[in-house]
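> Residue numbers (this note's numbering), protein chains in the order written: chain B, 1139 to 1252; chain P, 240 to 357.
Even glycine gets a Cβ: it sits at the ideal position worked out from N, Cα and C.
Encoded as structure tokens, here's the structure I'll be asking about.
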């Protein structure tokens, strides 16, 4: 069974631009969660989607948004990029909803803002 | 505010030896989940072990076991018979909030970097 797939692996953008990251969960998994990992702040929860609906949300500004499609694939969008958005963005999927469930992570997308 | 503290930024262990990683958390909830995740240099996070707070029995997964002290809000990870492949960053995490209320999220500690010496 294929694991969680995140694309692209690396991305370089400039301030003010917007970016879209993609995550394909393990087949049959209906929940997708997103996390931001930085050296300073560590791992922080962004949001969780289940059955195309945002179920839970962390403490991030509205520039961070996401969506989930009917096939459970998810995208995360960050608008008006800032230098502080440079991070590793991790996506995780689980069979059922809720971050208390065992989650399977992807390899992440490394986003660098110039 | 709910927090997770890992007081050991780095630890090292000899191959085949046992090591214990510490984690404490702060919460006012009575029912919650605790996790240990491992992130090797390849950067993919892997679930090591999960503990449900209402279960008094400590969770175990092969060479990995936890010492869950609910009253002390302590959740340490013991790795027995350490192997070179255990070298990684280990993150303790706490699930807080209410799924039905849409406030559920995972809170992570800062991590402990484990080195395994041959």
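For the region 1188-1243 of chain B, which segments carrying the alpha helix (DSSP H) assignment without a break, of at least 4 residues, lie completely within its bounds, in sequence order?
Entirely contained in the region 1188-1243 of chain B, not one alpha helix (DSSP H) run reaches 4 residues.
> Please say whether residue 247/P and residue 351/P have beta carbons closer to each other than 7 angstroms?
For residue 351/P and residue 247/P, yes; Cβs fall inside 7 angstroms.
> Thinking C-alpha only, which one of 302/P, 319/P, 356/P, 308/P is nearest residue 265/P?
The candidate whose alpha carbon is nearest that of residue 265/P is 308/P.
> If you compare alpha carbons, which of 331/P, 335/P, 342/P is closest to residue 261/P?
Checking every option, the nearest Cα to that of residue 261/P belongs to 331/P.
> Could you give the uninterrupted runs of the beta strand (DSSP E) lying entirely in the region 267-301 of chain P, keeping only those of 3 residues or more?
Counting only runs of 3 or more, we get 272-278, 285-291.
> What does residue 272/P touch in chain B if you count any residue whose Cβ is under 8 angstroms from its own?
Those are 1238, listed as they occur along chain B.
> Have a look at residue 1199/B and residue 335/P and give me their C-alpha separation to the nearest angstrom.
When rounded, the distance between both Cα atoms is 20 angstroms.
> So residue 343/P contacts chain B; which residues on that side make the cut at Cβ distance below 8 angstroms?
Those are 1186, 1193, 1194, 1236, 1237, 1238, listed as they occur along chain B.
> Given a cut-off of 7 angstroms on the beta-carbon distance, is the pair residue 276/P and residue 291/P in contact?
Not in contact: residue 276/P and residue 291/P (Cβ atoms no closer than 7 angstroms).
> Please check if any C-beta of chain B sits within less than 7 angstroms of the C-beta of residue 316/P.
No, its Cβ sits nowhere closer than 7 angstroms to a Cβ of chain B.
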